[in-house]
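**Q** Handing you this structure, nothing more for now.
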Amino acid sequence: MLALVNVFAEAAATDVNQAVAEATAKNPILPVMNEMFWTLVFFAILWALMKFVLLPPVMRTFKERADKVRDDQQAAEAADTARVDRLEQYEAGLAGARSEAVKLIEQARAEGDAERRVQVGAAEADVASLRTEAAAEIAGAKERARGELTSSITDIAVGAAEAVVQKSIDRSAQVSVVEDYVAQAGKN
Amino acid sequence: MIFGLEFPPIENLVEWPNWFGPKDSFYGFNKIAFISLVAIVATSVLFILGNRKRSMVPKGAQNLVESSVAFIRDGIVLETMGPDGMRYLPYLVSLFFFILIGNIFEVIPFFHMPANARMAGPAVLALITWAYYIAVGLKHQGPKYFINAIAPPGVPKALYILVVPIEFLSTFIVRPFSLAVRLFANMLAGHILLVTFSVLCITLFTASLLALVLPLSFFMLVALTGFEVMVAFLQAYIFTILAAVYIGSSMHAEH
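Each protein sequence line maps, in turn, to chains Y and A. Take 1 as the starting number for the first sequence in the UniProt record's numbering and just add one per residue. Take 1 as the starting number for the second sequence in the UniProt record's numbering and just add one per residue.
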């Protein structure tokens, strides 16, 4: 009886094992060893290549680009700082030049004023000198005119008196009278 | 036969015979293995072309490579791990390109098979990620990593009865499983969808009235092809960002 049960049990187990084996062999969902093996091998190769050969140049390029961007940015910032410094220097120079120009203008103006004053003084002195000379000339001319006038008046007066009295009159005696008269008339 | 359609058996859609090597050997090289090989060759060629004439203003292949790496660096590594995570960038870039290229073969003519529509690829990548984040945890936290991972500090002691088994399952069992299944299921579903509409187009290409429905089916096939391109990228991104999150969470004890 027991042997019969064993026979049946063995037969059933064999059937189950066969069924499981067939199902496993035909089940398209379960992984198969050869595909796992090649996936493992190829992925391991790709990983090693990526780590040691393929990726490092890309990372170096990233680093070089980041460095270049950083350097260029720093250079641009330095250039900007230099530009601001230069602008400040230029503006300081411009302000210095402006103050220097104002100073020069004021100095030139002061010098001009002083020169003008000297020139004006000299001109005024010339004018005074000319005026004195002219006054002297006028005085001389006046004196000469008075002498000529006195002489003429004397001649006329003596002539007129000789005509009135019908005799000759001493001209030299009459000159002093005429001179006194002219002098008196000039005073009035 | 479904509604008159002669739909191929599922194993015909995803199982590929070995090109060399015995049938059940561990090194049998088939279409899936070839796609994995193409993934490393294509990635290597792309990076070599990108690195050949490096310039400060990237163009062509260099632009593509740098954009991809910058996308993973800024969008995944720095977002999830911060600057300390930069040392894991090679792993995550490898993961992203390996999955993306494996996925994109779904829409490449004459291949029409995503490598990740087979469980082997996602399972291996998930297991590597699982081992990797445990190794990172051990490196950064020592043996206390396991305690910190399953019994986060700051939790009321009574709750540890619930938290410890949940965290253990979540961190050490569910994470790799969900990583693998998410990728595998999405790619397999997309592959089956494309096959379905392709078969429908072929079936409708007849001299009968059924041909009137053909443009609709063809439009769906084209639209789904575009959609699958997006899914291929999205699944690569999701797998990579989750791997980064797991590695990042292993670097420091949770608070």
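For each residue, glycine too, the CB sits at the ideal point set by N, CA and C.
Ends of the alpha helix (DSSP H) at residue 193(A)?
**A** That run of the alpha helix (DSSP H) goes 175-204.
**Q** The alpha helix (DSSP H) with residue 217(A) in it runs from where to where?
**A** Start and end: 214-251.
**Q** Use the C-beta contact count for residue 133(A): other C-beta atoms within 10 angstroms, 16 or more gives buried, fewer gives exposed.
**A** Classification of residue 133(A): buried, given that the 10 Å Cβ count is 16 or more.
**Q** Would you kindly work out how many angstroms separate the C-alpha atoms of residue 120(A) and residue 177(A), rounded to a whole number?
**A** Roughly 12 Å separates the two Cα atoms.
**Q** For residue 90(Y), count neighbouring C-beta atoms within 10 Å of its own C-beta (all shown protein chains included) and say buried if the count is 16 or more, exposed if not.
**A** Residue 90(Y) should be labelled exposed.
**Q** Shortest alpha-carbon distance to residue 27(A) belongs to which of 34(Y), 30(Y) and 107(Y)?
**A** It is 34(Y) whose Cα lies nearest to the Cα of residue 27(A).
**Q** Can residue 55(A) be considered in contact with the ligand NAP, in the sense that its beta carbon sits closer than 8 Å to one or more heavy atoms?
**A** Ligands are entirely absent from the displayed structure, and the ligand NAP is therefore not among its contents.
**Q** What residues of chain Y sit near residue 69(A), judged by a beta carbon separation below 9 Å?
**A** Those are 55, 58, 59 and 62, listed as they occur along chain Y.
**Q** Exposed or buried, what is residue 211(A) when buried is set at 16 or more other beta-carbons lying within 10 Å of its beta-carbon?
**A** The residue in question, residue 211(A), is exposed, as its Cβ has fewer than 16 Cβ neighbours within 10 Å.
**Q** Determine the direct distance from the alpha carbon of residue 101(Y) to that of residue 87(Y), and round the result to whole angstroms.
**A** If I take the Cα positions, the gap works out to 20 Å.
**Q** So, do the segment 74-87 of chain A and the segment 44-54 of chain Y have three or more beta carbon pairs nearer to each other than 8 Å?
**A** As far as the Cβ criterion goes, the segment 74-87 of chain A does not touch the segment 44-54 of chain Y, which means the pair count is below three.
**Q** Return the Cβ separation of residue 72(A) and residue 93(A) in integer angstroms, given the expectation that the two are a contact with Cβ distance under 8 Å.
**A** Contact holds; Cβ gap of about 5 Å.
**Q** Does DSSP classify residue 26(A) as helix, strand or coil?
**A** Coil.
**Q** Just the chain A side, please: which residues come within less than 8 Å of residue 65(Y) by C-beta, in chain order?
**A** Those are 56, listed as they occur along chain A.
**Q** Give the residues of chain Y in contact with residue 290(A), contact being defined as C-beta atoms less than 9 Å apart.
**A** As shown, chain A starts at 1 and ends at 255. That puts residue 290(A) outside it, with no answer to give.
**Q** If you check the beta carbons only, do residue 240(A) and residue 99(A) fall under 9 Å apart?
**A** The answer is yes: Cβ separation under 9 Å.
**Q** So, do the segment 177-184 of chain Y and the segment 142-151 of chain Y have three or more beta carbon pairs nearer to each other than 8 Å?
**A** Touching, yes, given that three or more Cβ pairs across the two stretches are closer than 8 Å.
**Q** Tell me the DSSP secondary structure of residue 105(A) in three-state form.
**A** Of the three classes helix, strand and coil, the one that applies to residue 105(A) here is coil, per DSSP.
**Q** Residue 34(A) by DSSP, collapsed to three states: which one?
**A** DSSP places residue 34(A) in helix when its eight states are reduced to three.
**Q** If you count every other CB in all the chains shown that lies within 10 Å of the CB of residue 208(A), and 16 or more means buried, which is it?
**A** By the 10 Å Cβ count, residue 208(A) comes out exposed.
**Q** In the DSSP assignment, find the unbroken alpha helix (DSSP H) run with residue 89(Y) in it and report its ends.
**A** Its alpha helix (DSSP H) spans residues 55-165.
**Q** Buried or exposed for residue 65(A), please, with buried defined as at least 16 other CB atoms from any protein chain shown within 10 angstroms of its CB.
**A** Its Cβ being crowded by 16 or more others within 10 Å, residue 65(A) is buried.
**Q** Looking at residue 125(A) and residue 89(A), is the spacing between their C-beta atoms short of 9 Å?
**A** Cβ distance not < 9 Å, so residue 89(A) and residue 125(A) don't count as in contact.
**Q** For residue 144(Y), count neighbouring Cβ atoms within 10 angstroms of its own Cβ and tell me buried if that reaches 16, exposed if not.
**A** Flag for residue 144(Y) reads exposed.
**Q** Among the candidates 246(A), 41(A) and 12(A), whose CA atom is the shortest distance from the CA of residue 145(A)?
**A** Checked all of 246(A), 41(A) and 12(A); the closest Cα to residue 145(A) is 246(A).
**Q** What's the C-alpha gap between residue 104(A) and residue 97(A)?
**A** Going by the C-alpha atoms only, they are around 10 Å apart.
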